[in-house]
Structure formats: structure tokens, C-alpha cells
Amino acid sequence: MRWSRPCRTLLADEAVTARRIAALAFPALGVLAAEPLYLLFDLAVVGRLGALSLAGLAIGGLVLTLVSSQLTFLSYGTTARSARFFGAGDRRAAVAEGVQASWLAL
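No gaps in the numbering here: position 39 of the sequence shown is 165 in this note's numbering, and each next residue is one more.
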């Protein structure tokens, strides 16, 4: 089997692709890590106020985590579906997918 390009060029293309993926993934990782860190700092501050305040924070944190995880799931699913529609050349369906997800989020 003959390669159409030298192996060195293929490896360079893979490295560029990996850097592009990392450039997109690391900011998303920071956003996903922000909410648990926020709750951790709240825990440190509210923990000094007593058990009742800490229990209230636990309930609020649970609700916040549940809503956040559901909306994250919605955004990931919407992004994949609208990208598939856009890639297929169906721009109207891609926009409709985004509008539908926006109404669902409300």
C-alpha cells in the first residue's frame, strides 16, 4: 500500500488537529469545573454559620447541580443535532433545533 503523503506530514496534521481539539476542550472543562468550585467556596463560608445554614446550602446546591446537569445535557445534545443538520446543508433545521432547545430550556 502506498501513501499519498509522507508519514511525517500525516503526523504533523494529527498534531495540529490535537491542538485544535485541546483549544476547544480546555475552556469547556473550565466552565464545567466552575460550578463545583463555586459550591465548595460557599460551603467554606456558610459552614461557619451553623448546621441549619449548611443544610439549606446542601439543598440549594443539590437543586443547582440537578438543573445545571440537565441544561448541560440539553446543550450538548442540541449542539450535536444542529451541527449535523448544518453539515448536511439544512440550515433551516439547524436553526429550528436551536429555537426548540431554547424554548425547552425556558
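Glycine residues also receive a C-beta, built at the ideal position from the N, C-alpha and C atoms.
request  = Classify Glu223 as buried or exposed, calling it buried when 16 or more other Cβ atoms lie within 10 Å of its own Cβ.
outcome  = In the sequence shown, residue 223 corresponds to position 97, counting from 1. By the neighbour-count rule (16 or more Cβ atoms within 10 Å), Glu223 is buried.
task = Grab the span of the alpha helix (DSSP H) containing Leu180 for me, first residue to last.
result = Position 54 of the sequence shown, counted from the first residue, corresponds to residue 180. Ala177 to Gly213 is the extent of the alpha helix (DSSP H) around Leu180.
query = Within the present structure, is the beta-carbon of Gly224 separated from the nearest heavy atom of the ligand MN by less than 7 Å?
reply = Looking for the ligand MN in the displayed structure turns up nothing, as the structure carries no ligands at all.
query = What's the call for Ser208, buried or exposed, on a 16-neighbour Cβ count within 10 Å?
reply = Within the sequence shown, residue 208 is the residue found at index 82, counting from 1. It is buried - the Cβ of Ser208 has at least 16 other Cβ atoms within 10 Å.
ask   = Going by the beta-carbon positions, is the gap between Val172 and Leu180 smaller than 8 Å?
value = Position 46 of the sequence shown, counting from 1, holds the residue named residue 172. Position 54 of the sequence shown, counting from 1, holds the residue named residue 180. Yes.
message = Check this for me: beta carbons of Ser201 and Glu161, under 8 Å apart or not?
response = Indexing the sequence shown from 1 puts residue 201 at position 75. Indexing the sequence shown from 1 puts residue 161 at position 35. Result no, Cβ atoms of Ser201 and Glu161 do not sit closer than 8 Å.
request  = Take the Cβ of Ala177 as the centre, count every other Cβ of all protein chains shown within 10 Å, and call the residue buried at 16 or more, exposed below.
outcome  = Residue mapping note: residue 177 aligns to position 51 of the sequence shown, counting from 1. Its Cβ having fewer than 16 others within 10 Å, Ala177 is exposed.
query = By DSSP, does Arg174 sit in helix, in strand, or in coil?
reply = Counting from 1 along the sequence shown, the entry for residue 174 is found at position 48. Reduced to three states, the DSSP call for Arg174 is coil.
query = Does DSSP classify Asp139 as helix, strand or coil?
reply = In the sequence shown, counting from the first residue as 1, residue 139 sits at position 13. Here Asp139 sits in helix by DSSP.
key: Residue of Ala227, Gly186 and Gly187 minimising C-alpha distance to Ala290   = The structure shown does not extend to residue 290, since the chain spans only 127 to 232, so no value can be given for it.
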